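*Asks:* The numbering of the sequence shown is our numbering, which starts it at 21 and goes up by one.
Every residue gets a Cβ at the ideal spot worked out from N, C-alpha and C, and that includes glycine.
Please read all numbers here as calculations on a predicted model, not as lab measurements.
Questions regarding the structure given below will be posed in turn.
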Amino acid sequence: MLNIDDERTTTDDEPTAQTRATGSGSEAPAPGRARRVAVTVLLATAVLAWLADLGTKHLALEALTDRDPVRLLGGAVYLTLTRNSGAAFSLASDHTWVFPLVTAGVIGWIGWMAVRLRSLPWAISLGLVLGGALGNLTDRIFRAPGVFVGHVVDMVSLFDPYGRVWPIFNLADSALVSGVVLAVLLELTGRQRDGTRLRSRPKGADTDTESESETERRDQS
């Protein structure tokens, strides 16, 4: 016969095994929920960057067509309308047809990265890259001279009205570069796209063995 008095029960005051192991009663977000949140942030960032790029290009076409460059901030920035057949910052203008293929590769890479995505900073980084890529791809598809070889609208020049100091660029280029820079910083600080952080062994550890790494769950806020 089962003796109920001998059966051990867990009360609210008694820590569970998981609580004892973690040292805290708070639970980390479920992986599925963390991934959904991160992917949502990625897509929202991409859409915002894409729409902002389309909006600024529309305004540039309306306000700057057949006008001299507009001087801002004492000549640090000029608004000047150009149509670019090259990549970001007017690079490789003789190979326009290649860029839609590169963009497709970037989108595929971001989709692969999103499979294990839990990190909000990584979501923002990838969203900026995706939004910038889509912004310029939209021009490639829908602007003259034709589908996949359309010229990209650029309008921002630094320190010179005609791009002689720095190539003329647009908001999509800025989003792309910002996303890549953020990704590099995340890699350098050991932050992984699954929401963990890598830390190397302290100095003085055995150098004959492979450096030990530990992971910490990142704060999702």
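Residue range of the alpha helix (DSSP H) that Leu93 falls in?
*Replies:* The residue labelled residue 93 in the question sits at position 73 within the sequence shown. First-last for Leu93: undefined, no H or E at that position.
*Asks:* Do the stretch 191 to 200 and the stretch 136 to 151 make contact, defined as three or more Cβ pairs closer than 8 Å?
*Replies:* Yes, the stretch 191 to 200 is in contact with the stretch 136 to 151.
*Asks:* To the nearest angstrom, how far is it from the Cα of Arg87 to the Cα of Ser177?
*Replies:* Here residue 87 refers to the residue found at position 67 of the sequence shown. Here residue 177 refers to the residue found at position 157 of the sequence shown. Answer to the nearest angstrom: the Cα atoms are 15 Å apart.
*Asks:* Apart from the five residues on each side of it in sequence, which residues of its chain come closer than 6 Å, Cβ to Cβ, to Thr42?
*Replies:* Here the question's residue 42 lines up with position 22 in the sequence shown. Residue placement at Thr42 is poorly supported in this model, since its pLDDT is 41, which falls under 50; the coordinates still yield a value, given next. Excluding sequence neighbours, Thr42 sits near nothing in its chain.
*Asks:* Which full runs of the alpha helix (DSSP H) of 4+ residues lie inside the stretch 181 to 208, going along the chain?
*Replies:* The qualifying runs are 191 to 208.
*Asks:* Please tell me whether Phe162 and Pro120 are closer than 8 Å, where the distance is taken between their beta carbons.
*Replies:* Here residue 162 corresponds to residue number 142 of the sequence shown, with the count starting at 1. Here residue 120 corresponds to residue number 100 of the sequence shown, with the count starting at 1. No, the Cβ-Cβ distance between Phe162 and Pro120 is not below 8 Å.
*Asks:* Within 10 angstroms of its Cβ, does Phe179 collect 16 or more other Cβ (buried), or is it exposed?
*Replies:* Numbered from its first residue, the sequence shown carries residue 179 at position 159. Exposed, because fewer than 16 other Cβ atoms sit within 10 Å of the Cβ of Phe179.
*Asks:* Just tell me which of Thr76, Ala143 and Leu68 has its CA closest to the CA of Arg213.
*Replies:* Locating residue 213 in the sequence shown gives position 193, where the first residue counts as 1. Out of Thr76, Ala143 and Leu68, Ala143 has the C-alpha closest to the C-alpha of Arg213.
*Asks:* So Pro141 and Arg211 are supposed to be a Cβ contact under 8 Å. How far apart are they, rounded?
*Replies:* Position 121 of the sequence shown, counting from 1, holds the residue named residue 141. Position 191 of the sequence shown, counting from 1, holds the residue named residue 211. At roughly 6 Å, the Cβ-Cβ gap stays under 8 Å, so Pro141 and Arg211 are in contact.
*Asks:* Assign Trp70 to buried or exposed, taking buried as 16 or more other Cβ atoms, counted over all protein chains shown, within 10 Å of its Cβ.
*Replies:* What you label residue 70 is simply residue 50 of the sequence shown in a count that begins at 1. It counts as buried.
*Asks:* Measure from the alpha carbon of Leu93 to the alpha carbon of each residue in Pro181, Leu205 and Asp159, then state which is nearest.
*Replies:* Against the sequence shown, residue 93 aligns to sequence position 73. Taking only the C-alpha atoms, the option nearest Leu93 is Pro181.
*Asks:* Please confirm whether Asp73 and Ala203 have their CB atoms less than 8 Å apart.
*Replies:* Counting from one through the sequence shown, the residue named residue 73 turns up at place 53. Counting from one through the sequence shown, the residue named residue 203 turns up at place 183. No. Outside cutoff.
*Asks:* For Asp159, which of Ala192, Leu137 and Ala58 has the nearest alpha-carbon?
*Replies:* For this step, residue 159 is matched to residue 139 along the sequence shown. Looking at the Cα atoms, Ala192 is the closest of the given residues.
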